[in-house]
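Quick note, the sequence shown lines up with residues 1 to 688 if you use the UniProt record's numbering. Let me begin by presenting the structure, written as structure tokens, before commenting on it.
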Amino acid sequence: MKKQIAIITNAKEIRSAMKEQVDLIFEGLAQSEIYSIEDGSINNLTKADLYLLSSSAYEFLDEEFLKNNNIVIADLTVSKEMLKYLKSFPYGTKVIFFNVSFKMCIETISMMYHLGVNNIEFIPAYPKMEIFPEGDIVMTPAETQLLPKEVLDRKIIDIGHRILDANTIIEIALKLEFEHILYYKKIREYLDTVATNDYSLSKIVEKATQAESQFSLLMKTTNIAILGVDKDNFLCSCNEGAEKILNKRSGAVLGNNAEELLPNIPFREVKEKKEEIKNRLVKIGEEYINLSVIPIIKAEHYMGAFAIFQEFKEEEKKQNELRRQLLNKGHKAKYTFDDIIGENHSMLKLKALAQKMARIDSDILITGESGTGKELFAHAIHNYSHRKDYPFIVVNCAAIPETLLESELFGYEEGAFTGAKKGGKIGLFEFAHMGTLFLDELEGMSPALQVKLLRVIQEKELMRIGGDKVINVDVRIIATTNEELRDLVKEGKFRKDLYYRMSAFPLIVPPLRERKDDLYLLTEKFMRSSGADFRFSSKAKKAFEMYNWEGNIRELKNYIEFLGFTEEKIIEFEDMPLAIREYYEEEKNRDRMEREQGREEYCKEIFGKRYEEYIFLLRKIDECCNRGESSGRQKLLEVCKQQEIFLTEQEIRGMLKKLEDLGFIEVYKGRRGNKISNKGREFLEKLD
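Structure (structure tokens):
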């Protein structure tokens, strides 16, 4: 008789896809029925041998129902082929990710990041949003029918429904006692196509019985040390790994009472409590051993137990090796100090200081405006340090919601909160062990998380959410901020103790406007990388050099790519981006106003408050000289009346006397009148 599987989801859109997968994998062994909380079909739920729940459905089910032992919470993933496609997008690509709800968006995006898809910047979107995010690319897991009409003209990428991951398939098989199908070709082929396959050995051991043929295969092939005892705690199994740790041949071990021969291994405790012991540190001989003991219970009777253990130093070595493998999954620093372009004195000095800091293990705070290249320094410091062969984990503190950021950083234990993954999850601090954790936009971290971060920095240890075990971590923190943290401390928005801890080794990256001697070095680099080929006209060059570059190097890179896109060989002023043109005109106007203001002050200093009348007379004398006309007092008096400048002959006489004393004119008697001097002409030219 076929076993019954009830598939329970929140949204009805995903249930059919889950049913199709389950029916295909367990064809001939089980049949499934689908139920949705959204459409109320959950009210017709009938008894089943196993209940497969989506993570979003879990929180809607009552506590009594969730006590059922035959529940499996579905973990969804994508195929390896799809993962390869997602990783092919250029680094920094912005993609709107659309799903049936905000929660489902975050869950799927989080899954993507865990699979190493850190080349895409996902922006969550869901039905009935007030404002749909801007962006050219919209990605969705088979939910195109829910997309708003106004976004259908954008590029839509349907990645299809997510699929059940390897853990979920194996757990269903074990709970339904279908272990044998795990050897089937079609199951192996399916498991080989999914993007994750981290099934834990303890699950296999949990289902192990006296089936010698299956267990002996496991004992021979695994590189983990395993000891087995029978119901009376006499040793009945000992593999090669256990022989090495015990320094005894299996013949000297088997048949002995485990409690007498190996008193440090808690078989008696496991037999009495009938509960698994996980990750207990014990000493066997001269070595510390990380030990787990798993009881075999049948019909509530103790049938024996298995001890799974390995040397603590060997386990740490393997964990470090696994972390090194993360370097091939995107958790690797990409830039070195050679990628930081600049011959400016302050930049050369900063690079030298950063290289010195890289050689020590202290945490570093990098401050600078947005777009100055703070991230390049973080990558380069890691690659210059002794941690370069270990993970470099990047976290943007401002881009991730507080609750999600906490679980991402510190991890969580199973059952820590509604929707927590079965078995819990390792946090990024643990992933970064022996390496570097790069906290971008540190100011975006909440005060509550700042407290936990400070503890990890000071104590080099943490506890997962919902856990009680202290985990030691050796992680270097490199943080960046484009805010003045000292001001945030004064405003009560950033913890003073964390600020002083992080600011002990500061690096301040100067803005581009303070290192304009590097402008053309950077321009050449971006022209080469983008394939651009152009040069500036004289006016365009002047505007380019004058611009204040508030967006710094990032803005420069974008503008060079834009100018290269125009395919113009000579970039005229009119071809320049609007921001550069507007800034140039504003600066010209400002310079003109400053010159006029300076001229006014200069003239007042020479002539006093009536400087405009003196300059008028001097210009008229110059004009008369150029025409060969006389410019005596009477002539000047007549010109003043015509121009409605009301000066008396006596006032004109006094002004001419001052102009003569200053050497600006020469005064002659008779018809020759007055003549402007070379000094007077130079003065007028200076004003103009």
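We put the CB at the ideal spot given by N, CA and C, even for glycine. Model, not experiment: these values are computed from the prediction.
Pair within 7 Å by beta-carbon distance, residue i and residue j
i: Tyr412; j: Ile340; result: no
i: Lys155; j: Asp136; result: yes
i: Glu171; j: Val72; result: yes
i: Asn99; j: Tyr126; result: yes
i: Ala225; j: Val78; result: no
i: Asn482; j: Ser346; result: no
i: Asn383; j: Ala333; result: yes
i: Gly424; j: Phe410; result: no
i: Phe534; j: Ile364; result: no
i: Ile676; j: Cys640; result: no
i: Gln450; j: Arg495; result: yes
i: Leu50; j: Asn70; result: yes
i: Ala416; j: Ile381; result: no
i: Ser36; j: Lys19; result: no
Length of the line joining the Cα atoms of residue i and residue j
i: Glu406; j: Cys397; result: 10 Å
i: Ala540; j: Asn674; result: 47 Å
i: Lys686; j: Lys588; result: 18 Å
i: Phe573; j: Glu343; result: 28 Å
i: Ile109; j: Phe562; result: 31 Å
i: Val509; j: Asn552; result: 11 Å
i: Asp688; j: Arg592; result: 11 Å
i: Arg599; j: Tyr584; result: 22 Å
i: Leu350; j: Leu507; result: 7 Å
i: Leu164; j: Asp474; result: 34 Å
i: Glu276; j: Phe26; result: 30 Å
i: Asp361; j: Leu521; result: 32 Å
i: Phe526; j: Ile560; result: 7 Å
i: Glu177; j: Arg268; result: 28 Å
i: Ile621; j: Lys679; result: 13 Å
i: Ile645; j: Leu637; result: 9 Å
i: Ile652; j: Leu578; result: 52 Å
i: Glu612; j: Arg590; result: 22 Å
i: Val205; j: Ile34; result: Reliability fails at Val205, whose pLDDT of 37 lies under 50, so the model's placement of it is uncertain and the value that follows must be treated cautiously. Approximately 31 Å between the Cα atoms of the pair.
i: Phe565; j: Arg554; result: 17 Å
i: Ala208; j: Met357; result: The predicted model places Ala208 with a pLDDT of 39, which falls under 50 and marks its position as unreliable; any figure quoted below should be read in that light. Each residue's Cα considered, the two are about 53 Å apart.
i: Glu408; j: Arg581; result: 45 Å
i: Ala17; j: Thr168; result: 15 Å
i: Gln643; j: Leu617; result: 11 Å
i: Lys632; j: Tyr602; result: A quick correction: the sequence has Gly, not Lys, at residue 632. C-alpha separation (whole angstroms): 27 Å.
i: Ile665; j: Arg627; result: 16 Å
i: Arg253; j: Glu243; result: Residue identity check: residue 253 is Val in the sequence provided, not Arg. For Val253 and Glu243, the distance between alpha carbons rounds to 9 Å.
i: Leu86; j: Ser538; result: 45 Å
i: Cys238; j: Lys248; result: 10 Å
i: Glu129; j: Met445; result: Here residue 129 is Met; the residue named in the question, Glu, does not match the sequence. If I take the Cα positions, the gap works out to 26 Å.
i: Leu235; j: Leu262; result: 10 Å
i: Ser529; j: Asn558; result: 12 Å
Residue nearest to residue i in terms of C-alpha spacing, selected from the options
i: Tyr499; options: Thr367, Ile615, Lys525, Glu286; result: Thr367
i: Leu281; options: Phe309, Glu275, Arg627; result: Phe309
i: Gln458; options: Glu272, Arg476, Ala11; result: Arg476
i: Ile42; options: Val72, Asn69, Ile7, Ile14; result: Ile7
i: Leu3; options: Val95, Asn10, Leu29; result: First, the residue type needs correcting, since residue 3 is Lys and not Leu in the sequence shown. Nearest C-alpha to Lys3: Leu29.
i: Lys283; options: Lys271, Tyr302, Leu246, Asn626; result: Leu246
i: Met576; options: Arg590, Leu556, Lys669; result: Leu556
i: Lys609; options: Ser55, Met655, Asn167; result: Met655
i: Leu152; options: Lys19, Ile96, Tyr184; result: Ile96
i: Ile120; options: Pro90, Glu130, Leu454; result: Pro90
i: Lys421; options: Val667, Ser55, Met139; result: Ser55
i: Glu134; options: Asp533, Phe122, Gln145, Asn257; result: Phe122
i: His331; options: Val395, Phe337, Thr372; result: Val395
i: Leu647; options: Tyr614, Asn239, Leu512; result: Tyr614
i: Asn279; options: Glu300, Leu52, Asp468; result: Asp468
i: Gly304; options: Glu287, Glu20, Glu259; result: Glu259
i: Arg359; options: Gly373, Phe377, Thr480, His386; result: His386
i: Val270; options: Asn256, Gly40, Phe306, Gly255; result: Phe306
Residue i beta carbon near the ligand PLP (any heavy atom closer than 6 Å)
i: Trp549; result: In the structure on display, the ligand PLP does not appear, and there are no ligands present to speak of.
Subject >> Sufficient close CB pairs (3 or more, under 8 Å) joining the region 108-117 to the region 229-238 >> reply: Too few Cβ pairs lie closer than 8 Å, so no.
Original post:
Taking contact to mean at least 3 C-beta pairs separated by less than 8 Å, is the region 433-445 in contact with the region 386-405?
Top reply: With three or more CB-CB distances shorter than 8 Å, the region 433-445 counts as touching the region 386-405.
**OP:** Counting only runs of 3+ residues fully inside the region 496-530, write out the beta strand (DSSP E) ranges in chain order.
**Re:** 506-508
Original post:
At a cut of 8 Å, does the region 186-196 reach the region 437-453 through at least three beta carbon pairs?
Top reply: The region 186-196, when compared against the region 437-453, does not touch it at the 8 Å Cβ threshold.
**OP:** Please list the segments of the alpha helix (DSSP H) lying wholly inside the region 102-158, counting only runs of 4 or more residues, in order along the chain.
**Re:** 102-114
**OP:** Please specify which runs of the beta strand (DSSP E), each continuous and at least 3 residues long, are wholly inside the region 54-81, giving them in chain order.
**Re:** Within the region 54-81, the complete beta strand (DSSP E) runs of at least 3 residues are 71-73.
**OP:** Let me know the beta strand (DSSP E) ranges lying completely inside the region 428-487, each 3 residues or longer, listed in chain order.
**Re:** Taking 3 residues as the shortest admissible run, the region 428-487 contains the following complete beta strand (DSSP E) segments, listed from N- to C-terminal end: 436-440, 476-481.
Subject >> alpha helix (DSSP H) runs contained entirely in the region 559-626, provided each spans 4 or more residues >> reply: 578-607
Original post:
Could you give the uninterrupted runs of the alpha helix (DSSP H) lying entirely in the region 630-662, keeping only those of 4 residues or more?
Top reply: 633-642, 649-661
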